[in-house]
Ligand SMILES: Cc1ncc(COP(=O)(O)O)c(C=O)c1O
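This is the structure:
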């Protein structure tokens with residue numbers, strides 16, 4: 002892990018006009034053509050992050066699989082990139098499953114998660130021939146076995162286990178601790194495994210854990226690996242079967258601020274390998290944020306400002322918690338620049354506010370920026386993950402459009418919502 006000042010800031014891409022570029026395209030031109038707020042994704046960065054993860058994992062575990070966590074950002078275009086890059090896919094709902102299958106993703110490479118899958122969602126998964134279902138609890142175990150019994154299938158499953166590890170991250174994105182809504186407790190794991198082995202329609206293929214998100218301290222993964230090996234041994238003893246697949250989840254952290262540390266897939270895989278030097282094991286990892294987070298920025302237009310002398314200057318943009326709820330949810334921190342002068346010296350500390358009717362609708366509480374005027378375009382970095390996918394219509398704000406840029410060529414992949422869209426589900 003190293004401080005990564007240079008990755009996010011020092012190498013800001015700027016063109017001869019002095020404007021910030023993203024994916025090779027001028028961000029002012031993108032804002033003009035597609036409007037704001039606008040999600041912009043650098044497709045080359047997504048592809049190279051998919052490749053670097055696969056390469057890192059395959060070096061140590063030739064039968065390893067990188068599974069993209071679709072919850073970070075999912076749409077047809079993203080699904081196609083993930084397929085082209087040879088990654089598998091983690092879905093967590095009937096909706097994500099539907100979009101994946103309708104986008105042509107190979108269902109055998111889909112891993113279906115969720116702590117409260119409905120019978121309808123499980124039936125969908127069986128009908129679509131989903132490769133692996135990650136069984137989260139006893140209720141699901143019984144329901145899935147019974148539903149699979151109505152088909153001719155032996156459904157491959159993993160068991161999700163809460164290994165009792167507290168990852169070093171925000172409490173709302175810790176998931177591996179004992180007091181968690183996800184997964185079987187460690188104590189129950191061997192019993193649940195035995196129940197699967199004794200079931201008529203389920204095939205136990207492996208075990209899974211996901212300890213949390215935005216993790217920079219790799220010690221958490223070392224501990225997760227060691228603990229999961231013990232749990233695997235306990236299960237093997239209880240059932241008499243050998244488990245060759247171990248899914249260690251996602252969670253590798255990214256840079257939101259220039260001083261945030263950098264963790265690489267190589268470092269993650271090395272930590273796993275140091276604790277598990279068996280290259281025959283089929284290790285699975287499920288990065289979401291790492292693949293898409295830093296590849297995305299959001300462009301906003303600056304509108305009103307309010308200066309409270311000696312207290313704070315609010316500068317409002319045309320989006321907010323509707324397109325990025327992470328600040329309100331997790332106290333997330335972001336970095337931003339003015340798109341037409343990304344390298345200019347800051348002159349003032351300001352707070353970037355959204356336009357929703359909530360005092361907590363803030364995007365950045367404190368940032369030093371050059372002189373700002375109404376109409377300027379603000380680019381907020383590292384918004385690729387959990388922004389588009391968590392967007393809402395609060396205050397009936399239409400959700401932004403999303404553009405993928407490859408080699409300087411922008412492509413509209415999700416159109417902006419219209420006011421008419423806001424009425425499409427009203428039936429009376
Ligand atoms: C089961 C599971 N796998 C993978 C991920 C992806 O995590 P991240 O985007 O932090 O890599 C999550 C995120 O919540 C998850 O719940």
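Residue numbers (our numbering): 2 to 429.
Virtual Cβ for every residue (Gly too), placed ideally from N, Cα, C.
Any chance the CB of residue 261 is under 8 Å from a heavy atom of ligand 1?
Counting from one through the chain shown, the residue named residue 261 turns up at place 260. No, since every heavy atom of ligand 1 falls outside the 8 Å radius drawn around the Cβ of residue 261.
Which of helix, strand or coil DSSP assigns to residue 25:
For the purposes of this step, residue 25 is taken as residue 24 along the chain shown, with counting starting at 1. Coil at residue 25, not helix or strand.
Going by C-alpha to C-alpha distance, which of 141, 403 and 59 sits closest to residue 34?
By 1-based counting over the chain shown, the position of residue 34 is 33. If we check each option's Cα against that of residue 34, 403 comes out closest.
Verify the contact flag: residue 304, CB atom, against every heavy atom of ligand 3, threshold strictly below 8 Å.
Absence of ligand 3 is noted for the structure shown, with ligand 1 being the only ligands found.
Please tell me whether residue 290 and residue 314 are closer than 9 Å, where the distance is taken between their beta carbons.
The count along the chain shown starts at 1 and reaches residue 290 at position 289. The count along the chain shown starts at 1 and reaches residue 314 at position 313. Remark: C-beta atoms of residue 290 and residue 314 do not approach each other more closely than 9 Å.
Between residue 257 and residue 335, which are expected to be in contact by the criterion C-beta below 8 Å, what is the C-beta distance as a whole number of angstroms?
In the chain shown, counting from the first residue as 1, residue 257 sits at position 256. In the chain shown, counting from the first residue as 1, residue 335 sits at position 334. Indeed, because the Cβ distance is near 6 Å, the residues count as touching under 8 Å.
Starting from the C-beta of residue 361, find all residues in its chain whose C-beta is less than 6 Å away, skip the five residues before and the five after it, and write them out in chain order.
Within the chain shown, numbered from 1, the residue matching residue 361 stands at position 360. If we look at residue 361 and ignore the five residues flanking it on each side, its Cβ neighbours are 329.
Taking residue 152 as the reference, give the member of 364, 251 and 124 with the closest Cα.
Numbered from 1 along the chain shown, position 151 holds the residue referred to as residue 152. The residue among 364, 251 and 124 with its C-alpha nearest the C-alpha of residue 152 is 124.
Return the Cβ separation of residue 296 and residue 43 in integer angstroms, given the expectation that the two are a contact with Cβ distance under 8 Å.
For this step, residue 296 is matched to residue 295 along the chain shown. For this step, residue 43 is matched to residue 42 along the chain shown. At roughly 5 Å, the Cβ-Cβ gap stays under 8 Å, so residue 296 and residue 43 are in contact.
What beta strand (DSSP E) runs, 3 residues minimum, are completely inside the region 60-133?
Fully enclosed beta strand (DSSP E) runs of 3 or longer: 66-70, 89-92 and 111-113.
Answer yes or no: the CB of residue 287 versus the heavy atoms of ligand 1, is any distance below 8 Å?
Mapped onto the chain shown, residue 287 falls at position 286. Yes; taking the cut-off as 8 Å, the Cβ of residue 287 has a heavy atom of ligand 1 nearer than that.
How many Å lie between residue 299 and residue 384 at the Cα?
Position 298 of the chain shown holds residue 299. Position 383 of the chain shown holds residue 384. Residue 299 and residue 384: Cα-Cα distance of roughly 6 Å.
6 Å Cβ shell around residue 352 - same chain, five flanking residues per side excluded:
Numbered from its first residue, the chain shown carries residue 352 at position 351. So the list reads 313, 315 and 366, once near-sequence residues are dropped.
With hydrogens ignored, establish whether the beta-carbon of residue 290 is closer than 8 Å to any heavy atom of ligand 1.
Position 289 of the chain shown holds residue 290. Residue 290: yes, Cβ under 8 Å from ligand 1.
Would residue 1 pass as a contact of residue 133 if the rule is Cβ separation under 9 Å?
Limits of the chain in this structure are 2 at one end and 429 at the other, which puts residue 1 out of reach.
Exposure label - residue 287; buried when at least 16 CB within 10 Å
Indexing the chain shown from 1 puts residue 287 at position 286. Buried is the call here.
Could you tell me if the beta carbon of residue 214 falls within a distance shorter than 8 Å of some heavy atom in ligand 1?
As a first step, residue 214 must be located in the chain shown, where it is residue number 213. For ligand 1, at least one heavy atom lies less than 8 Å from the Cβ of residue 214.
I need the boundaries of the alpha helix (DSSP H) containing residue 267, first residue and last residue.
As a position in the chain shown, residue 267 is number 266, starting the count at 1. For residue 267, the enclosing alpha helix (DSSP H) has its first and last residue at 266-276.
Check whether the region 316-327 touches the region 78-86, taking contact to mean three or more Cβ pairs, one atom from each stretch, closer than 8 Å.
By the Cβ test, the region 316-327 is not in contact with the region 78-86, since fewer than three Cβ pairs between them sit closer than 8 Å.
So what's residue 405 in DSSP terms, helix, strand or just coil?
Mapped onto the chain shown, residue 405 falls at position 404. Residue 405 falls in the strand class under three-state DSSP.
Under 8 Å from any heavy atom of ligand 1, does the C-beta of residue 91 make it?
Mapped onto the chain shown, residue 91 falls at position 90. Annotation for residue 91 indicates a beta carbon within 8 Å of some heavy atom of ligand 1.
Quick check on residue 108 - is its C-beta less than 9 Å from some C-beta in chain C?
The structure shown contains no chain C; it holds only a single protein chain.
Whole angstroms are fine: how far does the CA of residue 217 sit from the CA of residue 6?
By one-based count along the chain shown, residue 6 stands at place 5. By one-based count along the chain shown, residue 217 stands at place 216. Because the pLDDT of residue 6 is 49, which lies under 50, any placement of that residue in the model is unreliable, and the question is left without a value.
Contact check, residue 333 vs residue 379, beta carbons under 9 Å:
Residue 333 sits at position 332 when you count from the first residue of the chain shown. Residue 379 sits at position 378 when you count from the first residue of the chain shown. It is not a contact, given that the beta carbons lie outside the stated cut-off.
I'd like to confirm the pairing. Which residues does DSSP put opposite residue 157 in its beta bridges?
As a first step, residue 157 must be located in the chain shown, where it is residue number 156. For residue 157, the pairing in a beta bridge is given by DSSP as 204.
So within the region 322-385, which uninterrupted beta strand (DSSP E) runs reach at least 3 residues, ignoring any that extend past its ends?
Fully enclosed beta strand (DSSP E) runs of 3 or longer: 337-339, 349-354, 363-370 and 378-381.
Nearest to residue 51 by alpha carbon, out of 90, 13, 20 and 29?
Locating residue 51 in the chain shown gives position 50, where the first residue counts as 1. From the listed residues 90, 13, 20 and 29, the smallest Cα separation to residue 51 is found for 90.
Pick helix, strand or coil for residue 216, following the three-state DSSP scheme.
By 1-based counting over the chain shown, the position of residue 216 is 215. If DSSP states are grouped into helix, strand and coil, residue 216 belongs with the strands.
With a threshold of 8 Å, establish whether the CB of residue 72 neighbours any heavy atom of ligand 1.
Within the chain shown, numbered from 1, the residue matching residue 72 stands at position 71. Answer for residue 72: yes, Cβ within range of ligand 1.
Cβ-Cβ separation, residue 358 to residue 322 (assumed contact under 8 Å), whole Å:
Numbered from its first residue, the chain shown carries residue 322 at position 321. Numbered from its first residue, the chain shown carries residue 358 at position 357. Between residue 358 and residue 322 the Cβ distance is about 10 Å, and since that is not below 8 Å, they are no contact.
Give the C-beta separation of residue 190 and residue 232 to the nearest angstrom, bearing in mind that I take them to be a contact with Cβ-Cβ under 8 Å.
Within the chain shown, residue 190 is the residue found at index 189, counting from 1. Within the chain shown, residue 232 is the residue found at index 231, counting from 1. 5 Å between Cβ atoms; contact.
On the CB-based measure, 16 or more other CB atoms within 10 Å of its CB, does residue 428 come out buried or exposed?
On the chain shown, position 427 is the one that residue 428 refers to. So residue 428 ends up on the exposed side.
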